[in-house]
Amino acid sequence: MILIEDDPMARSGLYKTDVKKARDALLALGRHPSLDAIRIELGNTGSKTTIHKYLKELEDEEGGVANGCMTVSEAVLDLVERLAMQLENESRAKIDECQVQAAERERYHADTAAEFRAQIDSLTAQLDQVRNAYNALADSQEQRRTQLQSESIARHTAEQQVADLKERLLENEGHRRSLEEKHQHAREALEHYRHSVKEQRDQDSRRHEQQIQQLQAEMRHLQQSLVVKQEEVTRLNQEGSRLVNEISHAELALRERDTRLHQTEQKIDVLRPFQERCNLLEKDLAQKEKMLVERDTQYARSVVDLQQSQLQLAAATAQIDSQENRIAELRGLLDKFQPQSLGEG
């Protein structure tokens, strides 16, 4: 909108005599000395306010003579010009007031829109953070699941190995018992043999002492019997040696079985930490899944908040659009009713 101000030339170089000369020139030509006509006659210099003031002073100085000589049409035109000036001043004040109000509303709407945009940017950033955290947690959960699967396979393999070792241990235990039984039988047989030999020797000695006098005649026969007995003893001694060797081998096998049993127990002790680690991993996974559920709940809440903010933004945008339309309509009305004379000067 263009505001009409006094022309600097009007303030510094326009005089009442200039206005009077222009008015008189127009009257001499038979034209009505209106404000626009006088201003054109002055070379489009001076403001209408100053020209109107000088005309008023000239009328007062001339004592209304000119007014008495004016026709009805000229008086009407003069009245119209004065009413136009008053209307122009009132319109200008009203337009200035409307422009100030419109500017204030525009600033308010701009501040409101900027605030909503800042809220949207903040919520968008929060949503991006939540999404990034959710993606990171999903990746971590997938890694945990893969690790748990690997640990489960390893635990299953370890359990299978433990079962195999236990089975082998049972087999070794049965073999050890069998060897112990054989060893015990061999000891009993050896002890029985020694006892039998001792008893036999004792009996022979007693019999020899009792019948020494009676058996002198049968010395040869007894010597032959003694040779036979000695051969039998030699055979029994060889059998005893063989049994002793078998017992030694059985003891050696028993010591090897004990060594393997000790190694098996060591392997079981080595596998125990894996079992404990699997239990810890299962607990950790349960906690991670619980945290993931909580993160999902938080993400759903953030999505709901974002949707509400978007709805608020849409309502604010609609309100701003409506107000901008009202401002545009108001400007159209102002442009429609603005006097054409405001564009001059």
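Residue numbering for the sequence shown follows the numbering used here, beginning at 1014 and increasing consecutively. For glycine and all other residues, C-beta sits at the position ideal for the given N, C-alpha and C.
Three-state secondary structure (DSSP) of residue i
i     : result
Y1067 : helix
Q1226 : coil
H1045 : coil
Y1312 : helix
S1060 : coil
E1072 : helix
E1231 : coil
Y1121 : helix
L1055 : coil
L1027 : coil
E1264 : helix
L1343 : helix
Close-in-space but distant-in-sequence residues of the same chain around residue i (CB under 8 Å, 5 per side omitted)
i     : result
K1029 : Y1067, E1070 and L1071
Q1154 : K1301, E1302 and L1305
Q1336 : R1118 and H1122
R1290 : E1164
D1297 : R1157
L1182 : L1274 and T1277
I1133 : S1322, Q1323 and L1326
L1140 : S1315, V1316 and L1319
Distance between residue j and residue i (C-alpha atoms, nearest Å)
i     : j     : result
R1339 : D1124 : 18 Å
E1172 : R1190 : 26 Å
Q1332 : C1111 : 20 Å
V1210 : L1178 : 46 Å
N1258 : E1193 : 15 Å
Q1243 : Q1279 : 53 Å
E1295 : L1161 : 8 Å
E1198 : T1247 : Sequence inspection shows His at residue 1198; the Glu mentioned does not correspond to that position. In a straight line, the C-alpha of H1198 is about 21 Å away from that of T1247.
S1322 : Q1311 : 16 Å
H1208 : A1176 : 47 Å
E1342 : A1115 : 12 Å
E1128 : A1327 : 13 Å
E1357 : R1052 : Note that E1357 scores a pLDDT of 42, beneath 50, so its modelled location is shaky; the value from the coordinates is reported in the next line. Straight-line Cα distance between these residues: approximately 11 Å.
A960  : E1201 : Beyond the ends of the chain as shown, which are 1014 and 1358, falls residue 960; an answer cannot be given.
Q1156 : N1185 : 42 Å
Q1216 : Q1223 : 10 Å
Y1206 : R1255 : 13 Å
L1319 : T1137 : 8 Å
E1245 : V1283 : 56 Å
Q1226 : L1249 : 30 Å
V1089 : L1042 : 20 Å
S1218 : H1234 : 16 Å
V1093 : E1054 : 20 Å
H1105 : L1039 : Reading off the sequence, residue 1105 comes out as Arg, not His. Cα to Cα, the separation comes out at about 29 Å.
H1169 : A1299 : 20 Å
N1057 : A1131 : 52 Å
E1204 : G1253 : 10 Å
Q1229 : E1269 : 57 Å
Q1251 : R1220 : 26 Å
M1022 : K1033 : Unreliable positioning characterises M1022 in this predicted model, as indicated by a pLDDT of 39, which lies under 50. The coordinate reading is nonetheless provided below. Cα to Cα, M1022 sits roughly 17 Å from K1033.
A1313 : D1152 : 19 Å
V1143 : T1330 : 26 Å
R1095 : R1120 : 37 Å
E1100 : K1107 : Sequence inspection shows Leu at residue 1100; the Glu mentioned does not correspond to that position. Taking the straight line from one Cα to the other gives about 10 Å.
E1074 : R1344 : 44 Å
Status (buried if at least 16 other CB within 10 Å, exposed otherwise) for residue i
i     : result
K1061 : buried
D1109 : exposed
G1187 : exposed
L1048 : buried
R1158 : exposed
A1035 : buried
V1240 : exposed
G1059 : buried
P1046 : buried
D1309 : exposed
D1037 : exposed
I1064 : buried
L1027 : buried
Other residues of its chain near residue i: CB distance less than 6 Å, five sequence neighbours each side excluded
i     : result
H1196 : I1260 and A1263
I1281 : none
F1287 : A1171
L1016 : With a pLDDT of only 33 at L1016, under 50, the local geometry of the prediction cannot be trusted, and the value read off the model is given with reservation. Closer than 6 Å at the Cβ level, and outside the excluded window around L1016, lies no residue.
A1126 : I1333
I1166 : none
Close-in-space but distant-in-sequence residues of the same chain around residue i (CB under 7 Å, 5 per side omitted)
i     : result
R1044 : A1050
D1031 : L1055
L1346 : none
E1180 : none
The segment 1296 to 1307 / the segment 1147 to 1156 touching (three or more Cβ pairs under 8 Å): yes
Does the segment 1212 to 1219 come into contact with the segment 1265 to 1273, if we say contact requires no fewer than three beta-carbon pairs (one atom in each stretch) closer than 8 Å? no
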